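Colleague:
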DNA sequence: AGTTAAATACCAACCGGTTGGTATGTATGT
DNA sequence: ACATACATACCAACCGGTTGGTATTTAACT
């Protein structure tokens, strides 16, 4: 959970070693997003990564101490890539907090485009696969997933207060939203059809509507 | 989807090549359940499997044409192992169909014991990891997962009719139940705490209670 | 029941290719 | 001159899979 490995340090992070334009590091990270989504972490070799990124192995091990370190960096990179995208998404506009979380669910539906590897969650895939062997990667994935869930908490907290909902909490609802998404991705993969994601998200939307006492709008799952 | 590879055959299946006592095949399959849960498919080598099962590599490739074939067999084995357990579980007893599906959710909560690799779904893990590289394994996992989901459909269908629920179907609800479970396992792995599963299942239970118009009993998520 | 032959189940040693990782060299900017 | 950012060449370990062989079970025939 500690994102700050250096033990005693004050002041702003030096933030060296971050992506400089089209550096090898970024090329490798971008290649890793694609390859690991398609084949998984273990099945993607360092050579695969280098070939896809158009760099040599020397560049790889210059930028990443090991393959495991690449995995950790990838989980963080994924979070840094997606966070601005969600921050700029239109689901924040509604004045009603419940409308915002419902718009979030609808927004996640809109993201379901292209092949299944194209929209599934890299952090979820990585986390599941590296759980036993690379705890550091799993932890980095956890930070990314729970970090994204945390961005939903304010809206849920407001909605809970405004609608007077009892028996649950904003963090729990935010995490459940992510759980349904992750499960939906697995069902889509297992069934080979991306409609499974839309189906699960429709159920999630109806759950929230029922929980907050709003008439189901027009769910069709 | 075709479980019957022999093209033109009538009469009952010969069913050779099934587990005879503590044969190598079963030893390997049992070892595979444990190892693949812990490390994943790609990270588990054939040698690992053989060592854990106490057999040699010759025995492995005598029983399974390839590592991929082991994966397919494992998905089927997993389904054959769990199906009788669920069939004999007490959640079938209630007279009311809604009570039965709610009892199923509670039963899944009870299964959450021990370490996370001990209760997570082998088929879900396998499916996610092998999606891109081994379509045959992914399909076998899909059959197992959707096959289990199908066992819930009759109860959901009855409940829908009895309670007059509209806007969804029994297959959709059955699949959503599995989606929430799979997502819960991922969140548990990502967060390193099994309570995440209980939390997600509490939300699922409340969704079903709200959807079927029953007073939430005492959910505590 | 006893003999035999074939099929089955398993074992130990081995193979070529790939793995993550390293050692060393080089071009460039300061 | 020196550190950074890469490239090239290489390695021991390990990978999935194959080999040729043996012990055991099954089936067929007498």
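Chains as they are written, first to last, in this note's numbering: chain Z, 1 to 221; chain V, 1 to 221.
A virtual CB, placed ideally from N, CA and C, is assigned to each residue, including glycine.
In this text the structure is predicted, and so the values were computed from the model without any measurement.
1) Looking only at C-alpha atoms, which of 126(V), 132(V), 86(V) sits nearest to residue 110(V)?
2) Beta-carbon separation of residue 149(V) and residue 98(V) under 7 Å?
3) By the DSSP assignment, the alpha helix (DSSP H) with residue 121(Z) in it spans what residues?
4) For residue 96(Z), which of helix, strand or coil comes out of DSSP?
5) Only counting the same chain, and skipping five residues up and downstream in sequence, which positions put a Cβ closer than 7 Å to that of residue 204(Z)?
6) Alpha carbon to alpha carbon, what distance is there between residue 147(V) and residue 134(V)?
7) Is there a Cβ of chain Z sitting closer than 7 Å to that of residue 50(V), yes or no?
8) Applying the criterion that 16 or more other CB atoms from any shown protein chain within 10 Å of the CB defines a buried residue, is residue 120(V) buried or exposed?
9) Would the stretch 49-59 of chain Z count as touching the stretch 26-33 of chain Z if we require 3 or more Cβ pairs under 8 Å?
10) Just confirm the distance between the C-beta atoms of residue 123(Z) and residue 145(Z), as a whole number of angstroms; I'd bet it's less than 8 Å.
11) Quick one: complete alpha helix (DSSP H) runs, 4+ long, within the stretch 196-221 of chain Z?
12) With residue 100(V) and residue 155(V) assumed to form a contact (beta carbons below 8 Å), what rounded beta-carbon distance in angstroms separates them?
13) Give the straight-line distance between the Cα atoms of residue 190(Z) and residue 186(V), rounded to the nearest whole angstrom.
14) Residues in the same chain with beta-carbon distance under 6 Å from residue 8(Z), minus the five sequence neighbours each way, listed in chain order, please.
15) Tell me whether residue 223(Z) is buried or exposed, calling it buried when 16 or more other Cβ atoms sit within 10 Å of its Cβ.
16) Using a cut-off of 7 Å between C-beta atoms, extract the partners of residue 128(V) located in chain Z.
17) Check the Cβ-Cβ distances between residue 195(Z) and every residue of chain V, and say whether any is below 7 Å.
18) Give me the Cα-Cα distance between residue 32(V) and residue 58(Z), rounded to the nearest whole angstrom.
19) Taking only beta carbons into account, state which residues of the stretch 76-104 of chain Z come closer than 7 Å to chain V, listed in chain order.
20) When you compare only the Cα positions, how much space is there between residue 208(V) and residue 66(Z)?
21) Between the beta-carbon of residue 71(V) and the beta-carbon of residue 38(Z), is there less than 7 Å?
22) How many Å lie between residue 138(V) and residue 201(V) at the Cα?
Modeller: Put simply:
1) 86(V)
2) no
3) From DSSP, residue 121(Z) is part of no alpha helix (DSSP H); its letter is neither H nor E.
4) Taken through DSSP and simplified to helix, strand or coil, residue 96(Z) comes out as coil.
5) 105, 177, 180
6) 20 Å
7) Taking Cβ atoms only, chain Z never reaches closer than 7 Å to residue 50(V), which makes this a no.
8) That one is buried.
9) Taking a contact to require three or more Cβ pairs closer than 8 Å, the stretch 49-59 of chain Z and the stretch 26-33 of chain Z qualify as touching.
10) 5 Å
11) none
12) About 5 Å separates the two Cβ atoms, so the contact holds.
13) 15 Å
14) Residue confidence for residue 8(Z) is low, a pLDDT of 31 falling below 50, so the modelled location carries little weight and cannot support an answer.
15) As displayed, chain Z neither begins before 1 nor continues past 221, which places residue 223(Z) out of reach and without an answer.
16) 125, 128, 186, 189
17) no
18) 36 Å
19) none
20) 46 Å
21) no
22) 25 Å
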